[in-house]
Amino acid sequence: MTDPLTRSMPLHGAAAQHWLKERGGEADADPAFTLVGHETSADGVLLRRLWHTAGTIRFQPTADTESSSRVLLLPLEGAFTVACGQERATVRRGSVAALSAASAGTISTSAPSSRLVLVVRPAGAAGCTAGLSVSCSPAVPVLLAAANALLDAGLPVDDGVRTALQGLAAAVLAG
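Residues 1 to 175 (UniProt numbering) make up the sequence shown, in order.
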């Protein structure tokens, strides 16, 4: 189990690039690019809350990515466009984008935005579809509330929290 890593101060330019690079991401080389990130993780679960200025972030799967895991992208503020292979979609508040954790892609915003990123193997068979999907679910607000509470409290992900996040991810993906 790892302790939460919280960045309460904004990172600018090269510092923001470095933070993203350590996590398999890369942003445009803009010295004005600003990022604030909060995260917590444990075996099989990664939860991040990101706020950043307009720009494009490219991401690659990391070496320890489980092929059965899904990435859920949930907007908190603003909208973003996500591209994965030939698929592309705009994601707004109240919806969720889901893709394989083994996929590379890009997230683009034309204005400052924030989102939750949950990388998890959903409970049961949920989330087994290939490619990029965007959907709405009545479980989205529940997942957002739980994830924000976890990050705000600075709590680590233990077995019970991991199971809860897996179940909420499955509920969101089931629609």
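Each residue gets a CB set at the ideal place from its N, CA and C atoms; glycine is no exception. As the structure is a computational prediction, the values presented were derived from the model and not from experiment.
Residues that DSSP places opposite residue i in a beta bridge
i     : result
Leu47 : Thr40 and Leu118
Arg58 : Glu26 and Thr106
Local conformation of residue i per DSSP, three classes
i      : result
Gly160 : helix
Gly25  : strand
Pro75  : strand
Ala98  : strand
Ala123 : coil
Ala89  : strand
Ala145 : helix
Ser133 : strand
For residue j and residue i, the rounded distance between their alpha carbons
i      : j      : result
Glu77  : Ala111 : 10 Å
Ala104 : Pro122 : 19 Å
Val140 : Leu46  : 17 Å
Own chain residues within Cβ distance below 8 Å of residue i, not counting five before or after
i     : result
Ser67 : Ser100, Ala101 and Ala102
Ala79 : Thr90, Val91, Arg92, Arg93, Thr109 and Ser113
Residue of the options minimising C-alpha distance to residue i
i      : options                          : result
Ser137 : Ala104, Ala146, Val96 and Arg115 : Val96
Gly13  : Glu22, Ser114, Leu35 and Asp159  : Leu35
Gly24  : Ala63, Ser41 and Gln86           : Ala63
Pro156 : Ser41, Ala29, Asp30 and Ala16    : Ser41
Residues near residue i by beta carbon distance below 7 Å, same chain, minus five either side
i      : result
Val172 : Leu72, Val96, Ser137, Ala139, Val140 and Leu143
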